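Notes to accompany the following structure.
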Amino acid sequence: MKDVVALVTGASRGVGRGIALALLAEGATVHVTGRTRSEAQAGLEGASRGSLEGLEQEAAALPGRLVVHPCDHSDDAETARVAETVKAGNRLDILVNNAWPGYENMVEDGDFTWPRPFWEQPVWRWEAMMGTALRAAFLTSRALAPVMVSARRGLIVNISFWAAQFYDGNAIYGMAKAAADKMAADFAHDLRPHDVAAVALYPGLVRTEAVMQNAGYFDLSNSESPRFIGHVIAGLWRDPALMSKSGQVLVAAELARQYDIADVNGYRPVPLTAADFAKG
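Here this note's numbering = 1-based position in the sequence shown + 523.
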């Protein structure tokens with residue numbers, strides 16, 4: 524993928540960071556956005572645990588080229604600035620809309636508000652998921668789709684989850700993920716005449732920094748590394764039948780089976796299905 528140019532939003536930690544590192548490992552030029560520049564800003568003991576500085580340190584050993592754009596996607600002007608910088612290169616093959624502040628502040632004043640009914644949800648959570656995450660995905664895609672349309676090739680990936688289809692503990696979360704799926708489907712409709720694809724992609728349980736800090740609460744036996752979904756996106760990009768998948772909701776572990784992709788430790792995650800959530 525040495526000639527591939529990608530943009531991954533929200534890449535200072537978690538899934539976005541893993542996707543960026545996986546694409547860099549495959550030789551791509553990867554633009555990333557993130558709010559957390561340093562470990563001091565993150566309140567962490569080491570930069571490698573979740574900051575753009577840490578990402579730069581890891582990227583230095585990989586064959587791809589990393590381009591960092593500090594950006595708070597709650598500010599439309601910052602989102603637009605990044606898009607204009609990427610557009611100036613006249614090339615973008617893959618856009619991964621991952622920026623997601625929706626998991627922040629689950630505990631407020633000692634109260635775990637995440638599972639409360641919708642009428643007791645704080646309004647800031649709506650703003651984080653809808654006003655920041657979804658808006659940024661739309662504005663970034665809107666600004667950069669013309670680059671792909673001009674090249675007559677490209678891939679837009681919205682990172683989503685099964686909460687779009689089944690209740691998963693929080694009503695706003697479900698609405699946001701359903702909107703991400705619908706956004707990908709409608710993008711695909713508009714982009715199809717230009718041979719540009721758009722999909723919604725579901726990870727499984729990912730061993731992010733936050734998950735590992737609370738590992739005692741999770742069954743990690745079928746979990747995925749943060750880089751796994753990035754290698755799957757690379758496989759999707761290489762798929763000669765990519766356009767046949769455009770507009771669909773795709774499960775990363777299922778695609779990995781199709782493309783014969785293992786996780787970084789050699790494990791092959793078992794794909795979650797609707798049945799896993801319907802029974803819950």
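We put the beta carbon where it would ideally sit given N, CA and C, even for glycine.
Only a predicted model underlies this, so the values are computations on that prediction, with no experimental measurement involved.
Next on the checklist: Give me the DSSP bridge partner(s) of G677.
Outcome noted: Reading the sequence shown from its first residue, position 154 is the one you call residue 677. Answer is V719.
Next on the checklist: DSSP three-state label for H596, please.
Outcome noted: In the sequence shown, residue 596 corresponds to position 73, counting from 1. Coil at H596, not helix or strand.
Item to check | Beta-carbon proximity check, L618 vs I679, cutoff 9 Å | outcome: Sequence index remark: in the sequence shown, residue 618 carries index 95 (1-based). Sequence index remark: in the sequence shown, residue 679 carries index 156 (1-based). Yes, these two residues count as a Cβ contact at 9 Å.
Next on the checklist: Just list the residues that DSSP pairs D634 with in beta bridges.
Outcome noted: As a working note, residue 634 is residue 111 in the sequence shown. DSSP output for D634 lists E631 as bridge partner(s).
Item to check | Alpha-carbon spacing of E609 relative to K705, whole angstroms | outcome: The sequence position of residue 609 within the sequence shown is 86, counting from 1. The sequence position of residue 705 within the sequence shown is 182, counting from 1. One detail in the question is off: residue 609 reads as Val in this sequence, not Glu. One C-alpha to the other measures close to 25 Å.
Checklist entry - How many angstroms separate the CA atom of S746 from the CA atom of P794? => result Stepping through the sequence shown from its first residue, residue 746 is reached at position 223. Stepping through the sequence shown from its first residue, residue 794 is reached at position 271. Whole-angstrom Cα-Cα distance: 10 Å.
Checklist entry - Start and end of the beta strand (DSSP E) containing A529? => result Here residue 529 refers to the residue found at position 6 of the sequence shown. Per DSSP, A529 belongs to the beta strand (DSSP E) from 528-531.
Checklist entry - Just checking, does the stretch 647-654 make contact with the stretch 717-729 on the three C-beta pairs under 8 Å criterion? => result no
Checklist entry - Can you give the Cα-Cα distance for I682 and E576, rounded to whole angstroms? => result Locating residue 682 in the sequence shown gives position 159, counting from the first residue. Locating residue 576 in the sequence shown gives position 53, counting from the first residue. Their backbone Cα atoms lie some 23 Å apart in a straight line.
Next on the checklist: Once the 5 residues before and after S571 are set aside, which same chain residues still bring their CB inside 7 Å of it?
Outcome noted: For the purposes of this step, residue 571 is identified with residue 48 of the sequence shown, where counting begins at 1. The predicted model places S571 with a pLDDT of 42, which falls under 50 and marks its position as unreliable, so this point remains unresolved.
Next on the checklist: Using only CA atoms, which one of L585, L765, A779 lies nearest to R676?
Outcome noted: As a working mapping, residue 676 is identified with position 153 in the sequence shown. When only C-alpha atoms are compared, the closest one is L765.
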